[in-house]
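Take a look at the structure set out below.
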Ligand code: FES
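In the working numbering, the protein residues as written are -19 to 122.
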């Protein structure tokens, strides 16, 4: 069996939503200290909807595929759905990732959470700290 699914290869070779969003109102960046990979998510949020999303990922193929799939999964969706997106759901949507590559999908979940947190902070909106505990504390890029 191939190590990577066709979906992973497709999103790696033809990543969706790549680049910078100039008018983003929520930006989240995370990194994995072990592998050194970095992912940045740009969100344009209006009326509690993710109107647009872009990503920049300096990392492995699985991280690129995860970012691409994750952006597709939240584009046009209510903010609460974007917030609820798990790395497991991203990996499942990619028809799976090898066990040692699951952390790549975690970057996507955390980058999106950080971008939403950034949006809440910019707007001065109240947020549930517990929801963002991981995103805020653990994966700062230095
Ligand atoms: Fe670290 Fe993929 S190897 S994000």
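Backbone N, C-alpha and C fix where the C-beta goes; we use that ideal spot for every residue, glycine too.
Considering only 66, -6, 49, 56, the residue with the shortest C-alpha distance to residue 27 is 56. Taking 9 Å as the cut-off, the beta carbon of residue 90 is found closer than this to the beta carbon of residue 8. Residue 14 has its Cβ nearer than 8 Å to a heavy atom of ligand 1. Distances from the alpha-carbon of residue 37 to those of 74, 107, 17, 76 put 17 closest. Per the C-alpha coordinates, the member of 69, 44, 63 positioned closest to residue 19 is 44. A residue is called buried when at least 16 other Cβ atoms come within 10 angstroms of its Cβ; residue 104 does not meet this threshold and is exposed. Shortest Cα-Cα distance from residue -11 to any of 46, 35, 65, 5 involves 46. When the beta-carbon positions are compared, residue 87 and residue 39 come within less than 9 Å of each other. Residue 7 carries a strand assignment under DSSP once its states are collapsed to helix, strand and coil. Going by DSSP, residue 99 is part of the alpha helix (DSSP H) stretching over 82 to 103.
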